[in-house]
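Everything on this sheet refers to the single structure shown next.
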Amino acid sequence: MTQQDEGVFSARPDGSPPPEFARRRADAPLAPVTLPSGDEVTMAVRYADVHEVLTNPAFSREATLAPDAPRILPGEEFGEDPNALTNMDPPRHTRVRRIVTGIFSPRNVKAWHPKVLAITEHLTDGLVAQGTSADLISAFTVPLPIQIMCELLGVPPADREKFQTWTDMIISSTAFTVEERIAAAGEFSGYVRELIAARRGSEGDALIDALISAHDEGERLSEAELVHLTVMLIMAGYETTATVLARGVLSLLTTDQYRVLCAEPEIIPGAVEELLRYGMPSDGGLLRMATSDVRLPSGVVRAGQTVMPSMASANRDPEVFPDPERFDVRRAECPHLTFGQGPHYCAGANLARHELRLALETLTRRLPGLRLAVAADEVEWRSGLLLRAPLRLPVTW
Ligand code: HEM
């Protein structure tokens, strides 16, 4: 890996995007980057280019599964499964995607509100019961989305530590070996297969039952699609949300903008968008391969070339976000790309936004005196994972 690439993918003490992105945006908007696997791809860093890579149908996800195509991580990946929604191109993608977006519709998210609120309040009760200090990660930001996903999917909450371990292993860039990652993906899929078998015919009203009937009744989801989708919902449903929430609370506490939200809770929905923009959990998004020559705003990508769109960099592009390095809950326009864009736009975005909003509303209402219990530069960050998240967030109130 070159010096320059270490600048892109190495962990920073505060989890922020590498300063290298600013240089690339100015001088090298479509330059090569060496991935943790050692493979080289083109990295798109300007907002306009990233947006185009995500939305232009000439960029394929399916083509990135070819055996000789570049990979993000070394070795075989769970993410390489052709039955993964994220790896499909239309028309197969359109068919599976319709089922998923139906399930995560704004109407369903609204109907889940009481359950999401109850879990948020319960975890806050737990914080309060600890006295006047706690680790916000283990007591709130991680259990919150996991418990919500378990509750909605109909998965036993007692198994959540297993999901957490498997997920960490699957998305690990250096913390686990290739063999460990493959074993974790196999165990996770096996667990979900058993869960599905046990639920089949139970006529429950959880998400997993809706997914099973989408498979059983209309032949619309294959068994492999069903298993992969369920694993992905558990994984996608918590790790990203937990990371954005933890990074967001840290930004609020270190800039004193937590007090602003306590005083003006009505601005929380807008603040959630700024948390999402500023706290994009990973430096780069999933790879895309050009199926024909494509003219991007900053240059031409040739057929067969693989591109990594960096949403984290796009979110800090001064062409779109004035004073982009400033975290500002009052930012007027915030068209961030944290949920992606185009056909693969995050299917769980409605739910994630709802969870983030309720988490901030509940914390600011019940713990208005919340503050960091350590200096900001003493916060420890997780290492060896593709997501940039604090390891612990010691707080007091
Ligand atoms: C703050 C939290 C979240 C973030 C930042 C996030 C981010 C993303 C991004 C960037 C993509 C697009 C990947 C690409 O096009 O390369 C995506 C796709 C997806 N996300 Fe999320 N996500 C979050 C929460 C969730 C939740 C809560 C769920 C479900 C429970 C979910 C389910 C999915 C699914 C199923 C896809 C695949 C969509 C497709 O390929 O058509 N995500 N997410």
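Using full-length UniProt numbering, you'd call the opening residue of the sequence shown number 1 and step up by one each time. Think of the CB as a built atom: it goes at the ideal place given N, C-alpha and C, for glycine as much as any other residue. Predicted model, so just to flag it, every value in this text is computed and none were measured.
Exercise for review: State the Cα-Cα distance for the pair residue 296 and residue 285, rounded to the nearest angstrom.
Suggested key: Taking the sequence shown and counting its residues from 1, one reaches residue 296 at position 296. Taking the sequence shown and counting its residues from 1, one reaches residue 285 at position 285. Annotation: residue 296 to residue 285 spans about 17 Å, alpha carbon to alpha carbon.
Practice item. List the whole-angstrom C-beta distance separating residue 103 from residue 207, where the pair is believed to meet the contact cut-off of C-beta under 8 Å. Key: For the purposes of this step, residue 103 is taken as residue 103 along the sequence shown, with counting starting at 1. For the purposes of this step, residue 207 is taken as residue 207 along the sequence shown, with counting starting at 1. With a contact defined as Cβ atoms closer than 8 Å, residue 103 and residue 207 qualify at about 6 Å.
Practice item. Assuming residue 37 and residue 74 form a contact by the criterion Cβ under 8 Å, report the distance between their Cβ atoms to the nearest whole angstrom. Key: Here residue 37 corresponds to residue number 37 of the sequence shown, with the count starting at 1. Here residue 74 corresponds to residue number 74 of the sequence shown, with the count starting at 1. Their Cβ separation, rounded to whole angstroms, is 5 Å, which keeps residue 37 and residue 74 in contact under 8 Å.
Review point. Since residue 40 is in the beta strand (DSSP E), which residue starts that stretch and which ends it?
Key: By one-based count along the sequence shown, residue 40 stands at place 40. Run containing residue 40: 40-44, per the beta strand (DSSP E) assignment.
Check your understanding: Beta carbon of residue 286: closer than 6 Å to some heavy atom of ligand 1?
Key -> Here residue 286 corresponds to residue number 286 of the sequence shown, with the count starting at 1. Annotation for residue 286 indicates a beta carbon within 6 Å of some heavy atom of ligand 1.
Review point. Which word fits residue 390, buried or exposed, when buried means at least 16 other C-beta atoms lie within 10 angstroms of its C-beta?
Key: Position 390 of the sequence shown, counted from the first residue, corresponds to residue 390. Around the CB of residue 390, 16 or more other CB atoms lie within 10 Å, so the residue is classed as buried.
Point to revise | Endpoints, the alpha helix (DSSP H) within which residue 142 is located | key: Residue numbering aside, residue 142 sits at position 142 when the sequence shown is read from its first letter. Going by DSSP, residue 142 is part of no alpha helix (DSSP H) at all; its letter is neither H nor E.
Point to revise | For residue 387, the three-state DSSP class (helix, strand or coil) | key: As a first step, residue 387 must be located in the sequence shown, where it is residue number 387. In the three-state reduction of the DSSP assignment, residue 387 falls in the coil class, being assigned neither a helical nor a strand state.
Review point. Beta carbon of residue 459, beta carbon of residue 21: below 7 Å?
Key: It is not possible to answer for residue 459, since the shown part of the chain is limited to 1 through 397.
Exercise for review: Determine the burial state of residue 51: buried for a count of at least 16 other Cβ atoms within 10 Å of its Cβ, exposed for fewer.
Suggested key: Residue 51 sits at position 51 when you count from the first residue of the sequence shown. That one is buried.
Review point. DSSP on residue 135, reduced to helix/strand/coil?
Key: Taking the first residue of the sequence shown as 1, we reach residue 135 at position 135. Per DSSP, reduced to three states, the secondary structure at residue 135 is strand.
**Study point:** C-alpha gap between residue 318 and residue 324, whole angstroms
**Key:** Taking the sequence shown and counting its residues from 1, one reaches residue 318 at position 318. Taking the sequence shown and counting its residues from 1, one reaches residue 324 at position 324. Distance between the alpha carbons of residue 318 and residue 324 is about 6 Å.
Practice item. Kindly indicate the opening and closing residues of the alpha helix (DSSP H) around residue 337. Key: Counting from one through the sequence shown, the residue named residue 337 turns up at place 337. For residue 337, there is no enclosing alpha helix (DSSP H), as DSSP marks it with neither H nor E.
Review point. Given that a residue counts as buried once 16 or more other Cβ atoms are within 10 Å of its Cβ, and exposed if not, what is residue 380?
Key: By one-based count along the sequence shown, residue 380 stands at place 380. Its Cβ having fewer than 16 others within 10 Å, residue 380 is exposed.
**Study point:** Helix, strand or coil at residue 313 [DSSP, three-state]
**Key:** As a working note, residue 313 is residue 313 in the sequence shown. Look at residue 313 here: in three-state DSSP terms it is helix.
Check your understanding: At which residues does the alpha helix (DSSP H) containing residue 362 begin and terminate?
Key -> Taking the first residue of the sequence shown as 1, we reach residue 362 at position 362. Unbroken alpha helix (DSSP H) run through residue 362: 349-366.
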